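One structure is given here, and the rest of the page talks about it.
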Amino acid sequence: LGVELRLREGYLDRLDADVIFRTPGMRFHTPELDRAREQGKAVTSEMEVFFDLCPCRIYAVTGSDGKTTTTTIISEFLKEAGKRVHLGGNIGKPLLPEVDTVRPDDVAVVELSSFQLISMRRSPDVAVVTNLAPNHLDIHKDMAEYINAKRNIVLHQNAFGRAVLNADNEIAAGFAEDVRGDLRWFSRRRPSSRGAWLREDGKILVGETEV
Numbered sequence: 035l036g037v038e039l040r041l042r043e044g045y046l047d048r049l050d051a052d053v054i055f056r057t058p059g060m061r062f063h064t065p066e067l068d069r070a071r072e073q074g075k076a077v078t079s080e081m082e083v084f085f086d087l088c089p090c091r092i093y094a095v096t097g098s099d100g101k102t103t104t105t106t107i108i109s110e111f112l113k114e115a116g117k118r119v120h121l122g123g124n125i126g127k128p129l130l131p132e133v134d135t136v137r138p139d140d141v142a143v144v145e146l147s148s149f150q151l152i153s154m155r156r157s158p159d160v161a162v163v164t165n166l167a168p169n170h171l172d173i174h175k176d177m178a179e180y181i182n183a184k185r186n187i188v189l190h191q192n193a194f195g196r197a198v199l200n201a202d203n204e205i206a207a208g209f210a211e212d213v214r215g216d217l218r219w220f221s222r223r224r225p226s227s228r229g230a231w232l233r234e235d236g237k238i239l240v241g242e243t244e245v
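Residue numbers (the numbering used here): 35 to 245.
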C-alpha cells in the first residue's frame with residue numbers, strides 16, 4: 035500500500051509522502067510539517083478522514099473538563115433510544131478502521147481534544163462544549179490557539195447543525211457567534227428558554243418543563 039510508519043528519532047526527516055497522518059499528540063506547527071504543507075502535501079489525521087467518510091450522524095463533545103463523562107452519557111442515551119452507536123475519538127478505540135461497517139442510520143459519538151480539532155475542517159452534526167479553561171499550553175503556543183482549536187467543533191457546521199454550549203462559561207458561550215444552525219444552552223445559574231437549566235430546588239428543566 036505504500037504506507038510507512040515513522041517512530042523514534044528522525045521520524046520527521048524527509049517527509050516525501052503525498053499524504054501525512056499527524057497523530058493527535060503532535061504539535062500542529064512544526065518546521066517539518068509546515069514545510070510539507072507548503073509543498074502541497076496533505077497533512078491530515080485519523081479523525082479528519084473519519085469525518086470525511088462517515089455516512090451517519092456525528093455527535094461530538096469537547097471541553098477542558100467533563101468531556102469523557104458527557105460523551106459516555108450521550109452514547110448511552112442513544113443506545114437506550116435504539117440506535118447503533120459507534121463510540122470513539124479521544125475515548126475508546128479509533129473509529130476509522132471500522133468506518134466501512136458504519137450504516138447511515140447509525141450514530142457516531144466522539145470525544146474530541148484540542149489536538150484533534152486544531153486541523154479539522156468539518157464539524158459534527160451535533161456539537162457539545164462542556165467548558166473551556168487554560169489547558170495543554172505546553173503543546174499549544176498560547177491560549178488563543180487552544181480556543182481556536184476548540185472553536186472548530188462549531189465553526190464548520192451548516193444551518194442543519196446543532197450546538198449545545200455552556201452558558202455559565204464565558205469562553206464556551208462566546209462560540210455562539212459562530213453557530214449557523216440550532217443553538218441550545220445548558221446552565222446551573224440561569225433559566226433558559228432554549229436549553230436545560232438547574233433550578234434552585236435542584237430540579238432540571240428544559241425550557242419550563244421539568245425532566
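Yeah, the Cβ is synthetic: ideal placement off N, Cα and C, and Gly gets one too.
Owing to the predicted nature of the structure, the values given are computational and were not obtained by experimental measurement.
* **Among Gly116, Arg71 and Val163, the one whose alpha carbon lies nearest that of Thr104** => Minimum Cα distance to Thr104 is reached at Val163.
* Asked: Applying the criterion that 16 or more other CB atoms from any shown protein chain within 10 Å of the CB defines a buried residue, is Pro65 buried or exposed?
  -> Exposed: under 16 other Cβ atoms inside 10 Å.
* Name the one or two DSSP bridge partners that Thr78 has. => Residue pairing of Thr78 in beta bridges, as defined by DSSP: Phe55.
* **DSSP bridge partner residues for Val240 (one or two, in chain order)** => DSSP lists Ala230 and Thr243 as the bridge partner or partners of Val240.
* Assigned secondary structure, Gly123 (DSSP; H/G/I helix, E/B strand, else coil) -> DSSP places Gly123 in the strand class (E or B) of the three-state scheme.
* Can you have a look at Glu87 and say buried or exposed, based on whether 16 or more other CB atoms are within 10 angstroms of its CB? => Checking the sequence shown, residue 87 turns out to be Leu, not Glu. So Leu87 ends up on the exposed side.
* To do: Using 10 angstroms around the beta-carbon of Ser227, count the other beta-carbons present and answer buried if the total reaches 16, otherwise exposed.
  => Exposed, by the Cβ-count rule.
* **Inter-residue CB distance, Ala206 and Ala161 (contact presumed, cutoff 8 Å)** => Not confirmed; about 11 Å, so no contact.
* Using alpha carbons as the reference points, say which of Lys101, Leu49, Asp139 and Gly195 lies closest to Gly126. => Residue nearest to Gly126 within the set Lys101, Leu49, Asp139 and Gly195 is Lys101 (criterion: CA-CA distance).
* **Counterpart residues of Ile92 in DSSP-defined beta bridges** => Partner(s): Ala142.
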